[in-house]
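**Student:**
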Amino acid sequence: MRNWEALVKQRLTGLALEPGEATEVIAEVAAHLEDTCEEMLRQGLTEDEAVRRALSQVGDWKDLRRKILAAKRREQVMEKRVRQVWIPGFLTLILSMLFLTVLYRLGLRARLVWSDPNGILLYTPWLAGLPFFGALGAYISSRAGGSRATVLFVSVFPAIALTFAFLFMFPFSLTIELIMGRPVDFSSVATVLLKDGIGWLLIPGAALLVGGLLAQALLSTRSSLRSTAIG
Amino acid sequence: MIAPGIKRGTAELAVLSVLEDGPLHGYEMARRIEEQTHGSLRFTLASLYPLLYRLEKRGWVRGVWETSGTGRRRRCYRLTPAGKKKLAPIRAEWSELFRALKRLAKVSHA
Chain A
1 MRNWEALVKQ RLTGLALEPG EATEVIAEVA AHLEDTCEEM LRQGLTEDEA VRRALSQVGD
61 WKDLRRKILA AKRREQVMEK RVRQVWIPGF LTLILSMLFL TVLYRLGLRA RLVWSDPNGI
121 LLYTPWLAGL PFFGALGAYI SSRAGGSRAT VLFVSVFPAI ALTFAFLFMF PFSLTIELIM
181 GRPVDFSSVA TVLLKDGIGW LLIPGAALLV GGLLAQALLS TRSSLRSTAI G
Chain B
1001 MIAPGIKRGT AELAVLSVLE DGPLHGYEMA RRIEEQTHGS LRFTLASLYP LLYRLEKRGW
1061 VRGVWETSGT GRRRRCYRLT PAGKKKLAPI RAEWSELFRA LKRLAKVSHA
């Protein structure tokens, strides 16, 4: 009886997978060849002819090895995620924060929406620029092949990152205040949290999303025009 | 026979559809597809396994080693809930494409 596993192992030499994973692939491919060969023998072929036909399913073993590696490697998924999500996301975050710093250096300050002391503080020049950054993130993600949901996620990424920072910072600073024995007025904290949440997270998030949606609409119009222009 | 370029795009649909009826190992899968399409779609070993590994990585199918009555170990694939969920939109996309091509090429049923 032919040792299919040894044959496949030899043909797929250099299959750079984890040892257990490579053994499984070899066993699976060998089992397929064995089944094919047996079927050919049942059809009345000689053993040599059956083996030859079974092996003819793989014209190029190097090509098969390459395809298996490409399909199995997780790095490729990671690379895709990095290109579609993390690079455009962090770029959008960094640029929008740099923009805020520049505006601040230029002397442009946040303003209260209402003259009421409980009014929400809005940084209108910053908010006016955010759709551009949302659109930029969406464009880069879309160019990298990001899905609609990914593209929109990337466009609002700065707001999501700031939300996490807020969620972490508030309990942390409250704990510090309590440890230091300072009195904490929870109702004022809740008011600040709500106002800052609206002014620094919700509204900027909406501005970024507007940019993301506009970019996506423009990109889909362009791609549909391109498909209409085929031929 | 269908040209290889067109076949490539239908491969995912073929594998997911055939697994909808129950778990199969690679060889059985290839045979089942060939039988059900009257030989129009044929998977060789070289085209089947890279595809199965890709689908497995996406979480649409799951392969588990099983031992048959004859004591042979074969890796059986079954559709995961994510794969079942994915099958409907893939079918809809292909169906839309076929309708569009039919209109375009004025192809009618024989």
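So the sequence lines, in the order shown, correspond to chains A and B.
Here the first sequence is numbered in the numbering used here, starting from 1 and rising by one per residue.
Here the second sequence is numbered in the numbering used here, starting from 1001 and rising by one per residue.
Beta carbons: idealized from backbone N, C-alpha and C, even for Gly.
These figures come from a predicted structure and were not determined experimentally.
1) Distance check for B:Arg1031 and A:Glu28, CA to CA, integer angstroms please.
2) Taking Cβ positions only, does B:Gly1026 come closer than 8 Å to chain A?
3) Do you know offhand how far B:Ser1068's Cα is from A:Ala54's?
4) So which residues on chain B does A:Val29 lean against when the C-beta distance must stay under 8 Å?
5) Please state the DSSP three-state secondary structure of A:Leu121.
6) Determine, using beta carbons only, whether B:Arg1057 comes closer than 8 Å to chain A.
7) Where does the unbroken beta strand (DSSP E) through B:Glu1066 begin, and where does it stop?
8) If we define contact as Cβ-Cβ less than 8 Å, is B:Tyr1053 a contact residue for chain A?
9) Less than 8 Å between the C-beta atoms of A:Gln43 and A:Arg148, yes or no?
10) Buried or exposed: where does A:Leu174 fall if 16 or more other Cβ atoms within 10 Å of its Cβ makes it buried?
11) Per DSSP, B:Leu976 is paired with what?
12) Start and end of the alpha helix (DSSP H) containing A:Thr163?
13) Do you know offhand how far A:Leu127's Cα is from A:Leu100's?
14) Kindly say whether B:Arg1032, judged by its beta-carbon, lies nearer than 8 Å to any beta-carbon of chain A.
15) Do B:Ile1033 and B:Leu1045 count as a contact pair if the criterion is CB distance below 8 Å?
16) Using a cut-off of 7 Å between C-beta atoms, extract the partners of B:Arg1074 located in chain A.
17) What's the call for A:Arg182, buried or exposed, on a 16-neighbour Cβ count within 10 Å?
18) Work out the CA separation of B:Ala1014 and B:Leu1097 for me, nearest whole Å.
19) By a C-beta neighbour count over all protein chains shown, 10 Å radius and 16 as the cutoff for buried, is B:Arg1075 buried or exposed?
20) State the Cα-Cα distance for the pair A:Gly146 and B:Arg1091, rounded to the nearest angstrom.
21) Alpha carbon to alpha carbon, how far is A:Glu34 from A:Ile140? Give it in angstroms, no decimals.
22) Anyone know if the C-beta pair for B:Leu1018 and B:Gln1036 falls short of 8 Å?
**Tutor:** In short:
1) 16 Å
2) B:Gly1026 belongs to the set of residues whose beta carbon lies under 8 Å from a beta carbon in chain A.
3) Approximately 22 Å between the Cα atoms of the pair.
4) Leu1045 and Tyr1049
5) strand
6) Per the sequence shown, the amino acid found at residue 1057 of chain B is Lys instead of Arg. Chain A contact via Cβ: present.
7) Val1061 to Thr1067
8) Yes, contact with chain A.
9) no
10) Exposed, since its Cβ has fewer than 16 Cβ neighbours within 10 Å.
11) A query on residue 976 of chain B cannot be resolved here, the shown segment of chain B reaching from 1001 to 1110 and no further.
12) Phe157 to Ile179
13) Rounded to the nearest angstrom, the gap between the Cα atoms of A:Leu127 and A:Leu100 is 9 Å.
14) no
15) Their beta carbons are not under 8 Å apart, which means B:Leu1045 does not touch B:Ile1033 by this criterion.
16) Ala31
17) exposed
18) Distance from the CA of B:Leu1097 to the CA of B:Ala1014, rounded to the nearest whole angstrom, comes to 15 Å.
19) buried
20) 22 Å
21) 48 Å
22) Going by the sequence as given, residue 1018 of chain B is Val instead of Leu. Going by C-beta atoms, B:Val1018 is nearer than 8 Å to B:Gln1036.
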